[in-house]
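Presented below is the structure to which this report refers.
2 protein chains.
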Amino acid sequence: MKSSVILSLIALLFFPHLLLSSPLDPIEPSQVLPRPLILQFTSSLEEPDDSTLNQLRCDSWRFAAEANNLAPWRVVPAECGTYVKEYVTGQAYRFDLEMAARESLIYARTVEIKGDGMDAWIFDIDETLLSNLPYYASHGYGSEIFNSQEFDAWVEQAIAPAIESSLILYEEVRALGFKIIFLTGRSEGHMNVTIENLKRAGFLHWDKLILRGANDRGKTATSYKSGKRREIEEEGYRIHGNSGDQWSDLLGYPVSSRSFKLPNPMYFIP
Amino acid sequence: MKSSVILSLIALLFFPHLLLSSPLDPIEPSQVLPRPLILQFTSSLEEPDDSTLNQLRCDSWRFAAEANNLAPWRVVPAECGTYVKEYVTGQAYRFDLEMAARESLIYARTVEIKGDGMDAWIFDIDETLLSNLPYYASHGYGSEIFNSQEFDAWVEQAIAPAIESSLILYEEVRALGFKIIFLTGRSEGHMNVTIENLKRAGFLHWDKLILRGANDRGKTATSYKSGKRREIEEEGYRIHGNSGDQWSDLLGYPVSSRSFKLPNPMYFIP
Numbered sequence: 000m001k002s003s004v005i006l007s008l009i010a011l012l013f014f015p016h017l018l019l020s021s022p023l024d025p026i027e028p029s030q031v032l033p034r035p036l037i038l039q040f041t042s043s044l045e046e047p048d049d050s051t052l053n054q055l056r057c058d059s060w061r062f063a064a065e066a067n068n069l070a071p072w073r074v075v076p077a078e079c080g081t082y083v084k085e086y087v088t089g090q091a092y093r094f095d096l097e098m099a100a101r102e103s104l105i106y107a108r109t110v111e112i113k114g115d116g117m118d119a120w121i122f123d124i125d126e127t128l129l130s131n132l133p134y135y136a137s138h139g140y141g142s143e144i145f146n147s148q149e150f151d152a153w154v155e156q157a158i159a160p161a162i163e164s165s166l167i168l169y170e171e172v173r174a175l176g177f178k179i180i181f182l183t184g185r186s187e188g189h190m191n192v193t194i195e196n197l198k199r200a201g202f203l204h205w206d207k208l209i210l211r212g213a214n215d216r217g218k219t220a221t222s223y224k225s226g227k228r229r230e231i232e233e234e235g236y237r238i239h240g241n242s243g244d245q246w247s248d249l250l251g252y253p254v255s256s257r258s259f260k261l262p263n264p265m266y267f268i269p
Numbered sequence: 000m001k002s003s004v005i006l007s008l009i010a011l012l013f014f015p016h017l018l019l020s021s022p023l024d025p026i027e028p029s030q031v032l033p034r035p036l037i038l039q040f041t042s043s044l045e046e047p048d049d050s051t052l053n054q055l056r057c058d059s060w061r062f063a064a065e066a067n068n069l070a071p072w073r074v075v076p077a078e079c080g081t082y083v084k085e086y087v088t089g090q091a092y093r094f095d096l097e098m099a100a101r102e103s104l105i106y107a108r109t110v111e112i113k114g115d116g117m118d119a120w121i122f123d124i125d126e127t128l129l130s131n132l133p134y135y136a137s138h139g140y141g142s143e144i145f146n147s148q149e150f151d152a153w154v155e156q157a158i159a160p161a162i163e164s165s166l167i168l169y170e171e172v173r174a175l176g177f178k179i180i181f182l183t184g185r186s187e188g189h190m191n192v193t194i195e196n197l198k199r200a201g202f203l204h205w206d207k208l209i210l211r212g213a214n215d216r217g218k219t220a221t222s223y224k225s226g227k228r229r230e231i232e233e234e235g236y237r238i239h240g241n242s243g244d245q246w247s248d249l250l251g252y253p254v255s256s257r258s259f260k261l262p263n264p265m266y267f268i269p
């Protein structure tokens, strides 16, 4: 056996990948791993312009936010600031809010209301019943870091307007016979301004208004709100519907029979 | 007292609303309910054209589907057929898939992998790892009623291509040391064709492949899949991540530490 052949065999023993990586050796078809079968997009050859590309990226970011795929985030990505502003001040946000309300009502009408007054629907408040859009309009629509002092000053004015589709839903759900429970991340110190604001915006009657108390400090919204849902169920209520703009309004045990996620690309609460 | 005044007082006693409803009486400002404060959209005066309106409606429908707000649905609404086709064959679907994979990987890299081989990531198969888009392309992209016989014939060809971003994610997650569990709604009768298809699409290694067995018949996907997650946890696995295109892949007890919802506007599985 020639020494070059022996050396080649020794080399192959320790570095078998050389066999495949040498550009000189012919490779038998059976040695090549077949290229995996991968989905081809029919339009993948078109190169979108920068503006379209940014729109697509921000659409994807918004989808990921609304599907709860994102890691906790503090501000809207810089490149999506204008996108979010145009979305929330435009038709798209209103359409999305109306669709959420419409689907909620379709479901609410299918629920059998027992005569015992324990059929409940939970509503979050901010960005669910009341809109803080006037505040966010002067704070970059979510592209600035949240300033709790400035936001508190806004809350204390008690002038947040109603989201119209939610006001209509609230009235319809109440008329169907549901008990109305407002469950908010606002603190008990804001009880009076919250009541004042709710009434001013047309939310005149409710069965419970639950705010964060001293014992709820430091809890995530998911933990605080699911804990309150547990208490509500322990009182005997059946929670049929739950409306909120944050997944932390809706997730955690126990969950409502149906949950409705209202759109909100401006901020994230864990 | 004049008789007309007495009559008025009697009338008022029985019909107090007359006081407010008479168009002749002047009404004090304090008697008028204030108009509730309602959010005004800055662009609400612009009337969108029919094409923009349909786009907005279908965007809202897709958002509602992806946020799990819709009642169970069997077909894409007729007016959104073209919209869904353009979405899934275009850049937007690919971008959304890539964003879901990217966020999954960001999270996966933060997980501490213990040396005991019990850190798991669950993947659904259809529309998560493998794409049935070639099938749906010849079946109206979700606008036709699902035909299980025709779909089974497609599945048995074992030629569904990989979703590229999911293939990359799968490889990265495996390289990080996660145990890979495939949990699919496909039936055990399709085990061999599923294995053949997975390998052809580049998914070469996994730790478990769970298909619907005889005992799982008639269960919803939510019930079947959460039941399997319970069994997986009872075996000692820690389920850190769960990727699926249906909420029924992700919801129900126990839930994964993080869940990732891939886009799918073509069909709904309860």
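Respectively, the protein sequence lines represent chains A and B.
So for the first sequence, numbering that gives the first Met the number 0 puts the first residue at 0; every next one is plus one.
So for the second sequence, numbering that gives the first Met the number 0 puts the first residue at 0; every next one is plus one.
Idealized CB from N, CA, C, for every residue including glycine.
- At least one beta carbon of chain A lies nearer than 7 Å to the beta carbon of B/D95.
- Boundaries of the alpha helix (DSSP H) around A/F94: 90–107.
- In the three-state reduction of the DSSP assignment, A/K260 falls in the strand class.
- A residue is called buried when at least 16 other Cβ atoms come within 10 angstroms of its Cβ; A/Y82 meets this threshold and is buried.
- Ranked by how close their Cα comes to the Cα of A/Y134, the residues A/F122, A/I124, A/V154, A/I112 have A/V154 in first place.
- With a cutoff of 7 Å on beta-carbon distance, A/L69 and B/E102 are scored as near each other.
- The beta carbons of A/L104 and A/E187 sit no closer together than 7 Å.
- With fewer than 16 other CB atoms across the displayed protein chains lying within 10 angstroms of its CB, B/Q148 is exposed.
- At a cut-off of 7 Å between beta carbons, A/L55 contacts chain B.
- The count of Cβ pairs closer than 8 Å, one atom from the stretch 60–76 of chain A and one from the stretch 107–127 of chain A, stays below three, leaving the stretches out of contact.
- At a cut-off of 7 Å between C-beta atoms, A/K260 counts as an interface residue with respect to chain B.
- Just measuring C-alpha positions, the residue of B/R56, B/R93, B/V87, B/A63 sitting nearest B/A77 is B/R56.
- Measuring C-alpha to C-alpha distances from B/P35 to each of A/I162, A/V75, A/A152, A/A100 identifies A/I162 as the nearest.
- Close to B/L166, with beta-carbon spacing below 8 Å, are these residues of chain A in chain order: P35, I37.
- The beta carbon of B/I231 sits no closer than 7 Å to any beta carbon of chain A.
- The DSSP-derived three-state label of A/K113 is coil.
- Within chain B, A91, F94, D95, E97, M98 have C-beta atoms less than 8 Å from the C-beta of A/S59, given in sequence order.
- With a 10 Å radius around the Cβ and a threshold of 16 neighbouring Cβ atoms, B/M265 comes out buried.
- Flagged as an interface residue toward chain B: A/I105, by a C-beta distance shorter than 7 Å.
- Between A/N131 and chain B, the shortest Cβ-Cβ separation is not below 7 Å.
- Spatial neighbours of B/T219 in its own chain (CB-CB distance under 7 Å, excluding positions within 5 residues in sequence) are listed in chain order as S247, P269.
- Looking at the DSSP output, A/F181 sits in a beta bridge with A/F122, A/L208.
- Inclusion of A/I180 and A/I112 in the CB contact set at 7 Å is not warranted, their separation being larger than that value.
- Under the three-state reduction of DSSP output, B/H138 falls in the coil class, being neither helix nor strand.
- Bounds of the beta strand (DSSP E) holding A/I238 are 237–243.
- Residues are counted here when their Cβ sits less than 7 Å from a Cβ of chain B; for the stretch 196–208 of chain A these are R199, A200, G201, given in chain order.
- Following the DSSP letters along the chain, one finds B/I194 inside the alpha helix (DSSP H) bounded by residues 190–199.
- What B/P160 touches in chain A, judged by beta-carbon distance under 9 Å, is P35, L36, I37, L38, Q39, going in chain order.
- Nearest to B/D115 by C-alpha distance, out of B/F177, B/A136, B/T109, is B/F177.
- Of all alpha-carbon atoms in A/W60, A/E230, A/D48, A/H189, the one lying nearest the alpha-carbon of A/R211 is that of A/H189.
- DSSP places A/S165 in the helix class (H, G or I) of the three-state scheme.
- With respect to the 7 Å criterion, A/M98 and B/S225 are not classified as neighbours on the basis of their beta carbons.
- The shortest CA-to-CA distance from B/H239 to any of B/G251, B/N131, B/E143, B/S258 is the one to B/S258.
- If you check the CB distance, A/S130 and B/L38 come in under 7 Å.
- Within the DSSP bridge table, the entry for B/S186 names B/R211 as partners.
- Sequence-distant Cβ neighbours of B/S255 in its own chain, meaning closer than 8 Å and more than five residues away, are I121, R228, I238, H239, G240, N241, L249.
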